[in-house]
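Step one of this worksheet: look at the structure below.
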Amino acid sequence: GVKCDAVPGRSNLTSISVQREGVYYGQCSEIHGTNHAFTPIVVEAVTLKDYADWVSNQLILQTN
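Here's what the structure looks like:
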């Protein structure tokens, strides 16, 4: 699994490597307040081409 702590006021980055496309689900593992156990994590793994297409579409949407 992946664990990455957040620090207020600081950017944080982590990476993962997946072997196939798909939607992957996780769950928060920290106690950070009410309902912390219900903090879902969803990662959609796509091909590099699909990601590049998505980025291009987002840039087009921002300019319109």
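The sequence shown maps to residues 355 to 418 in my numbering.
Heads up, the beta-carbon is just placed ideally off N, CA and C, and yes, glycines get one too.
At the C-beta level, V361 and I370 stay beyond 7 Å of one another. I395: member of the beta strand (DSSP E) spanning 394 to 399, first to last residue. Sorting Y405, R364, Y379, Q373 by C-alpha distance to the C-alpha of V397 places Y379 at the top.
I395 and K403 have their alpha carbons spaced roughly 24 Å apart. Counting along the chain, no beta strand (DSSP E) covers V409; the unbroken alpha helix (DSSP H) around it starts and ends at 402 to 417.
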